[in-house]
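Numbering (our numbering), first residue to last: 38 to 181.
Structural data, given as structure tokens:
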């Protein structure tokens, strides 16, 4: 770490007018600095002093090396895009099924029964009862 980078981090920490995560990451980088003016603490020492896990320290240091100090300080969790299990057609079939008569011996459909029926009818390969619940909730359909 250069002197300028170290000074920038020290200034950031001393002001304390930024988010807690950013401050914690700045502390991690300062304590792990292996330069001539750096304390060169080990991950376990930093983790204990900061009340975090050594894994967090390691990841922050690794991000700094691979992507730079700013990337390590401002790290955001990656956005995970998930495709919908039930598309519009499958949702319509679910609603139609939920509004139909429950199977013999049952008073009403359960979320698990609906999920199993969607799989049985080969509308989807796999679906959880929670996906069924959230889909029906989204449509304001009440089974009770």
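All C-beta atoms, glycine included, are put in the ideal place defined by N, C-alpha and C. These numbers come from a predicted model, not from an experiment.
Closest in alpha carbon position to residue 153, among 135, 49, 55, is 135. Here residue 168 is buried, its C-beta having at least 16 other C-beta atoms within 10 Å. When the beta-carbon positions are compared, residue 170 and residue 148 come within less than 8 angstroms of each other. Distances from the alpha-carbon of residue 109 to those of 67, 130, 76 put 67 closest.
When C-alpha distances from residue 42 are compared across 124, 71, 138, the shortest belongs to 71. Burial state of residue 158 is exposed, judged by a 10 Å Cβ sphere holding fewer than 16 other Cβ atoms. Assignment of alpha helix (DSSP H) within the segment 56-90, counting only whole runs of 4 or more residues, yields 57-69, 80-87 in chain order.
Taking each of 65, 38, 40 in turn and checking the Cα distance to residue 50, the smallest one comes out for 65. Within a 10 Å sphere around the beta-carbon of residue 57 sit fewer than 16 other beta-carbons, which makes this residue exposed. Comparing alpha carbon positions, the residue from 122, 129, 69, 85 closest to residue 106 is 69.
Just so you know, the alpha carbons of residue 85 and residue 79 end up roughly 10 angstroms apart. Remark: C-beta atoms of residue 92 and residue 131 do not approach each other more closely than 8 angstroms. In terms of Cα proximity to residue 133, the closest of 144, 160, 82, 98 is 160. In the three-state scheme derived from DSSP, where H, G and I count as helix and E and B as strand, residue 133 is classed as helix.
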